[in-house]
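A.B. asks:
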Amino acid sequence: MRTAVVYYSLSGNTHLVARQIEDELPADLVRITPTKEYPNRGARKFLWGGAGVIMGSTPQLEPYEFDAAAYDRIIVGTPLWAGSFAPPIRTFANEQREALANKRIAAFVCSSSGNADKCFGKIAELFGTDQLEAQLSLVDPKQTRRREDDLAIQAFCSQLG
Numbered sequence: 000m001r002t003a004v005v006y007y008s009l010s011g012n013t014h015l016v017a018r019q020i021e022d023e024l025p026a027d028l029v030r031i032t033p034t035k036e037y038p039n040r041g042a043r044k045f046l047w048g049g050a051g052v053i054m055g056s057t058p059q060l061e062p063y064e065f066d067a068a069a070y071d072r073i074i075v076g077t078p079l080w081a082g083s084f085a086p087p088i089r090t091f092a093n094e095q096r097e098a099l100a101n102k103r104i105a106a107f108v109c110s111s112s113g114n115a116d117k118c119f120g121k122i123a124e125l126f127g128t129d130q131l132e133a134q135l136s137l138v139d140p141k142q143t144r145r146r147e148d149d150l151a152i153q154a155f156c157s158q159l160g
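Start counting the sequence shown at 0; every next residue gets the next number (numbering that gives the first Met the number 0).
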C-alpha cells in the first residue's frame with residue numbers, strides 16, 4: 000500500500016514527526032507551505048494562526064508535487080491551532096478533494112496541550128471520511144524529546160501496517 004505523508008509545519012514539530020513516520024513506513028513526504036508564511040513567534044503567531052482557523056482561511060500554497068492516484072493512504076500532519084488543523088491543510092484538501100475520494104486517511108497532530116480530539120474529528124470531516132484509520136497526538140515532540148513519543152510513533156505506524 001503506497002502512503003503519502005502530507006503535512007504543514009510551522010515550528011518544526013510536525014516536520015520532525017513526519018520524518019520519523021517516513022523512517023518507520025515506506026512513505027513519501029509532501030510538505031505543504033503557504034506562499035505567505037505565518038509568524039512563528041510571540042503573540043502574532045497565535046493571533047494570525049487562530050484567526051486563520053476561525054475564519055476558515057485557505058491560504059495559497061507554494062507549488063508541491065503530489066499525485067493522489069499514486070497513493071492508497073494519506074497521512075495528514077498538522078500543528079493544533081485554536082482546536083483545529085492549520086489552514087494550509089484546508090487548502091490542500093480543497094485542491095485535492097476529488098482525487099482524495101475513497102483514500103484511507105490517518106492523521107497526526109502536534110500541540111502544546113495534547114488536546115487534539117476535536118481536531119481529529121475536523122480532519123475526518125474535511126477529508127470526507129467517517130473515521131480516521133489511525134491517529135496520533137504528540138506534545139511538543141521537537142522541544143521535549145521523549146522515549147514515549149518514539150514508541151507512540153512506532154505504534155501509530157504499526158497500526159497502519
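All C-beta atoms, glycine included, are put in the ideal place defined by N, C-alpha and C.
How many whole angstroms separate the CB atoms of LEU131 and ILE122, which I take to be in contact at a CB cut-off of 8 Å?
C.D. replies: The pair is a contact, with the Cβ atoms about 7 Å apart (cut-off 8 Å).
A.B. asks: So MET0 and ARG72 are in contact, right, with Cβ under 8 Å, and what is the actual spacing, rounded?
C.D. replies: 6 Å
A.B. asks: Could you tell me if GLN19 is buried or exposed, where buried requires 16 or more neighbouring beta carbons within 10 angstroms of its beta carbon?
C.D. replies: buried
A.B. asks: Return the chain-ordered ranges of every beta strand (DSSP E) run that is complete within the region 3-45 and spans a minimum of 3 residues.
C.D. replies: 26-30
A.B. asks: Answer yes or no: do ILE88 and TYR7 have a C-beta to C-beta separation smaller than 8 Å?
C.D. replies: In this structure, ILE88 lies near TYR7, with their beta-carbon atoms less than 8 Å apart.
A.B. asks: For the beta strand (DSSP E) containing LEU79, name the first residue and the last one.
C.D. replies: 72-80
A.B. asks: Quick check: the region 107-122 against the region 136-152, are at least 3 beta-carbon pairs closer than 8 Å?
C.D. replies: Yes, the region 136-152 is in contact with the region 107-122.
A.B. asks: Figure out for me which residue from CYS118, THR128 and LEU99 has the closest Cα to the Cα of ASP66.
C.D. replies: LEU99
A.B. asks: Given that a residue counts as buried once 16 or more other Cβ atoms are within 10 Å of its Cβ, and exposed if not, what is PRO78?
C.D. replies: By the 10 Å Cβ count, PRO78 comes out buried.
A.B. asks: Note down, in chain order, each residue of its chain lying with its Cβ closer than 6 Å to the Cβ of THR128, except the 5 sequence neighbours on either side.
C.D. replies: ILE104
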